[in-house]
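Chains as they are written, first to last, in the UniProt record's numbering: chain A, 1 to 427; chain B, 1 to 427. From the three backbone atoms N, C-alpha and C, an ideal C-beta is built for every residue, glycine too. Below: one structure, written as structure tokens.
2 protein chains.
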Amino acid sequence: MSSGACAPYDLKCKECGKSYGKQPLSICDECFSPLEVFYDLDAVKGSVTRESIAAGPASIWRYRALLPIPEGFQPDLPVGFTPLVKAKNLGKRLGASDIYVKNDAVCFPTLSFKDRVVAVALANARYFGFDTVGASSTGNLANSVAAQAARLGLKSCILIPADLEPAKILNTLIYGARLVRIDGNYDHVNRLCSLIADQYNWGFVNVNLRPYYAEGSKTMGYEIAEQLGWRLPDNVVVPMAGGSLIRKIKKAFDELVYLGIVEAKHVKFFGAQATGCSPITHAVKNNLDRHEPQKPNTIARSLAIGNPADGPYAARLIRETGGWGEDVSDVEVVSGIQELAETEGIFTETAGGVTTAVTAKLFAQGRIGKDETTVVCITGNGLKTTDVLQGKYDVGRAVKPRLAEFDAYLRELDGLPAAEEAELVAQ
Amino acid sequence: MSSGACAPYDLKCKECGKSYGKQPLSICDECFSPLEVFYDLDAVKGSVTRESIAAGPASIWRYRALLPIPEGFQPDLPVGFTPLVKAKNLGKRLGASDIYVKNDAVCFPTLSFKDRVVAVALANARYFGFDTVGASSTGNLANSVAAQAARLGLKSCILIPADLEPAKILNTLIYGARLVRIDGNYDHVNRLCSLIADQYNWGFVNVNLRPYYAEGSKTMGYEIAEQLGWRLPDNVVVPMAGGSLIRKIKKAFDELVYLGIVEAKHVKFFGAQATGCSPITHAVKNNLDRHEPQKPNTIARSLAIGNPADGPYAARLIRETGGWGEDVSDVEVVSGIQELAETEGIFTETAGGVTTAVTAKLFAQGRIGKDETTVVCITGNGLKTTDVLQGKYDVGRAVKPRLAEFDAYLRELDGLPAAEEAELVAQ
């Protein structure tokens, strides 16, 4: 564990600036705007360095000095520090010479970037004395809260839209969590969770613990910079559900620049959504100050948030950095999944299909320069959404274990004529 | 990438010692025994150190000086270096005070320890000039060969027993691999692959490339030692299919001791199998020189190798180190999966269920000391074998998004009387 001071932090209202110290609260009681964690970075300038970070563990906790972690907290799980992979084959298809995949499909423990935010939220849940934690979730968050709560000895209760993917439901129940399927979409689930958090005095990671939770996303930004050799990319393509991740990557980059750890650079932020739930990209494309809520209808259920809490902030960030918001159809989502698997050997879930397909679209539109450094954020694993691939692959017939039978079958697979016919043709 | 010399290596027959240099070959043509990679460790003594390793990347390539990697090979993928997690909760259940889980369920890229062996095999496949690679596989290997071949631009053709888990089949096809389902068990598949490798001049990772492939397993041993703070555990519990992994962990430990990187220590090796395919544990229990081949019948399909190539060596190692071989029923496999998820938040596949359940059995039998340092090797992810959990969990009914409805449902879940009744009782 890296030693050295941690940046002092407090909750403040993003809009009116009212300060709240440290408490489980996400909305300003004066102006009803969201609260956010603000740090005194000057207190750690010079002591948080490339070297102090590199001396830390191979997990998000190497950045703990820049996270809202209660004093005395002992990190328990090696979450994050996932691979950043140079995507040469994908780049060839897109005509991009310097493109990378940040691969949270293998994030410990539950194979999505949600493990990062949950780790930070639960560190605070314990500090605030909650014995039960919960979440409103489109799936990945449910998995992560259930798994990490089990490990930490906390009780958990997770609310999800009733129609979630079977793999994500099983991958929540297996950890012993209480799971409640709500007859409604994510936005219904989320509103109910606010009521429950108050009524039951539970720590909902993305409700009353949301400001702490959201900070966990910064670690994806820190890792990108560090894994690029302590430099910032020119472009980042980020999937958007609630709209928080994209903002926090920007916040991470800004902090590293402020601390003198990386050189300042103009980074463009690109947001990806599924067309069937695209309030943020719609707002970007139509230059709206505020997104119009939508009723989600897409196979990318982990992005299906029709009224994203951080939507306005995400749209503004995209515009201000000169990026763009783009969305893709469900058919393109599946193609995106296949393209990433076939080129880079990375199997991502529907959200990653969205991001990959949107990236292709952005290159085709000329919105991203072909020789610039671009990072594509893959946030979850394909084994969680296998249902969308059903019927896409023929598993073929069972073949007898004999060389001649194998030979004949391989010719079938490759669309070649059978061996005897081939000989006749050759004569 | 860590610089410094790599240990020179050659293929030799394990039994008669005949030397074969470097070639794609797995069986001695004199005595028909298996070939193995032998190193000149003296050549790197003093230059391969804790520091030189720690200066390398967060992947198996930090150990490249001790792997059979062709000169000039540039590692492409950050495989391995998975978390070693102290398992306090599991330990509490077992009465073990110092137990760890080595968690290859999150291995990059395809969530199993097979990614390690495939990475080393494919480095050699390129070197030997194969344009097509293949494998006979019980699933995890298929996934890994397909993914890594896609990334490296190699064609792949994978043979599997026809009845494999759907998730493992999909997770092979998604990468664009040719997949052939063989009407037979793993041993039939494996024999056919030997014929195909010769006939087609393909590089089968676990047939003609097997000696290189198998060395990749050593990296799990190196990581365990490094992650324990450069010391060896007292006990290791390892799942056994072909019987190779357990041997290679031992080989890794021995090399580290020989090089002066860790202190010598007597480590006991424990092997885990499913009772429905337990040739090695049967040999251990009955003190047989050679295992009797079995016809596999277990849900732990990734361990279902009835005639394991390294069975005799594994059994001997277990006996010589004073360990033990134990096996568990399919019901216990499922309980093992659940136990690891509920205690440590780690969702493993059937093989990990076997290892967890066997570990519990070994503690119950008093074969492992409660205060000794024990490492449990978890080799694959639970999302690949969700079929064995079907019907084990009730997803419950969909609940209307209202607090009162939630409240009532939670009482149902927790087995409490409905709220009104509760009030009556309290009166």
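Residues that residue i bridges to, as DSSP identifies them
i	result
residue 249/B	DSSP lists no partner for residue 249/B.
residue 203/B	133/B
residue 11/B	21/B, 37/B
residue 273/A	327/A
residue 235/B	268/B, 374/B
residue 213/B	In DSSP, residue 213/B forms no bridge with anything.
residue 100/B	86/B, 375/B
Residues near residue i in its chain [Cβ-Cβ closer than 7 Å; skip 5 each side]
i	result
residue 3/A	Bear in mind that the predicted position of residue 3/A carries a pLDDT of just 49, short of 50, making it too unreliable to give a figure here.
residue 412/B	none
residue 399/B	405, 406, 409
residue 255/A	41, 66
residue 24/A	128, 203, 208, 209
residue 183/B	162
Beta-carbon contacts of residue i that lie in its chain and below 8 Å, excluding the five residues immediately before and after
i	result
residue 10/B	19, 20, 21, 22, 37, 38
residue 306/B	185, 186, 187, 277, 279, 293, 294, 295, 296
residue 339/B	90, 93, 356, 357, 360
residue 267/B	232, 233, 234, 235, 236, 250, 253, 321
Partner residues on chain A for residue i, Cβ-Cβ distance less than 7 Å
i	result
residue 413/B	178
Any chain A beta carbon closer than 8 Å to residue i
i	result
residue 130/B	no
residue 206/B	no
residue 109/B	yes
residue 191/B	yes
residue 63/B	no
residue 48/B	no
residue 58/B	yes
residue 418/B	no
residue 89/B	yes
residue 307/B	no
Under 8 Å by beta carbon: chain B residues contacting residue i
i	result
residue 148/A	345
residue 106/A	106, 107, 108, 109, 111
residue 287/A	The premise fails here: residue 287/A is roughly 33 Å from chain B at the closest Cβ pair, so nothing lies under 8 Å.
Cβ of residue i within 8 Å of any chain B Cβ
i	result
residue 401/A	yes
residue 85/A	yes
residue 153/A	yes
residue 183/A	yes
residue 124/A	no
residue 103/A	yes
Contact set between residue i and chain B, taken where Cβ atoms lie within less than 7 Å
i	result
residue 406/A	180, 192, 196
residue 188/A	401
residue 199/A	403
Residue i: contacting residues in chain A (beta-carbon distance under 9 Å)
i	result
residue 409/B	180
Residue-level contact to chain C via CB, residue i, 8 Å cutoff
i	result
residue 297/A	Absence of chain C from the displayed structure is noted, the protein chains being A and B.
Close beta carbons around residue i, own chain, < 6 Å, minus the five adjacent residues each side
i	result
residue 59/B	78, 79, 80, 81
residue 351/B	239, 300, 302, 303, 379, 380
residue 290/A	312
residue 243/B	280, 308, 310, 311, 314
residue 61/A	75
residue 69/B	123
Counting only Cβ-Cβ distances shorter than 9 Å, please list the residues of the stretch 333-344 of chain A near chain B, keeping chain order. 337, 338, 341, 342, 343, 344
With 8 Å as the C-beta to C-beta threshold (strictly closer), list the residues of the stretch 67-82 of chain A near chain B in chain order. 77, 78, 81, 82
Along the stretch 381-398 of chain A, where does the CB come closer than 9 Å to a CB of chain B? Name the residues. 381, 382, 383, 384, 386, 389, 390, 392, 393, 394, 395, 396, 397, 398
For the stretch 212-228 of chain A, enumerate the residues whose C-beta is nearer than 8 Å to any C-beta of chain B, in chain order. none
Closer than 7 Å, Cβ to Cβ, to anything on chain B: give me those residues from the stretch 159-174 of chain A, in chain order. 162, 167, 169, 170, 171, 173, 174
Compile a chain-ordered list of the residues in the stretch 228-245 of chain B whose CB is closer than 7 Å to at least one CB of chain A. none
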